[in-house]
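Reading through the structure tokens given below for one structure.
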């Protein structure tokens, strides 16, 4: 599904990613872990061509997309839920959702919309409300729904439960797991919650100083690895 080979990423002349190697199979759930500031968000931004410069390869379904513009990557089947949600605060909920639909190339519009409103019923209730007037948890649901409306094969999410009230955290985690296990959508998740990563993911990768320093099957994510690479 997704193959990252020898990926280096730069902000200006500063290297933020160093020779990253990561393989994500069709239908897998990969948790990308690490302390703050180690390059997790930068890696996701690199997948969408949002860095100043990258070298190496990013292959989607066997095709090298490294030189593609961001909009073409989105239309190729990658959904993105960025850190901070990235919704348009002056747009209504429905207008924000339509932004996701613009990137959809399939003819499954009604099916995807039905899935979105079934998973996030509050979106119908607040359809006419400005995105900026939603709570943090509601905004995150909107951001995930917007990504789903692209009808993606793979969704990458950057700390989707950060700063969210506990009852909504549980809802969002349940939705992410359901998208993977019931609907076959490949997931790449940047996360700080080790418990959720162990419960939900099939594979993990730990980053440190712009590199992946440990990876493997989820049951290989030991306390010793967590202590070595993630404890403060």
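Numbering (our numbering), first residue to last: 3 to 234. Note that beta-carbon positions come from the ideal geometry of N, C-alpha and C, so glycine has one too.
{"Asked": "C-beta contact flag for residue 168 and residue 142 at 8 Å", "Found": "no"}
{"Asked": "One or two residues paired with residue 205 in a DSSP bridge", "Found": "32, 219"}
{"Asked": "Whole-number beta carbon distance between residue 155 and residue 3, since they are thought to touch under 8 Å", "Found": "7 Å"}
{"Asked": "Rounded Cβ spacing between residue 165 and residue 138 (contact assumed at less than 8 Å)", "Found": "6 Å"}
{"Asked": "Short Cβ contact (8 Å threshold) for residue 37 with residue 232", "Found": "yes"}
{"Asked": "Distance CB(residue 10)-CB(residue 44) smaller than 8 Å", "Found": "no"}
{"Asked": "Straight-line Cα distance separating residue 223 from residue 205", "Found": "9 Å"}
{"Asked": "Sequence ranges, alpha helix (DSSP H) only - wholly within the region 54-112, length at least 4", "Found": "72-77, 95-103"}
{"Asked": "Three-state secondary structure assigned by DSSP to residue 171", "Found": "helix"}
{"Asked": "CB contact below 8 Å: residue 196 versus chain C", "Found": "In the structure shown, chain C cannot be found, because there is only a single protein chain."}
{"Asked": "Segment contact flag, the region 181-200 with the region 211-218, C-beta cutoff 8 Å, min 3 pairs", "Found": "no"}
{"Asked": "Residue from 21, 14, 13 whose Cα sits closest to the Cα of residue 210", "Found": "21"}
{"Asked": "Segment contact flag, the region 87-99 with the region 125-132, C-beta cutoff 8 Å, min 3 pairs", "Found": "yes"}
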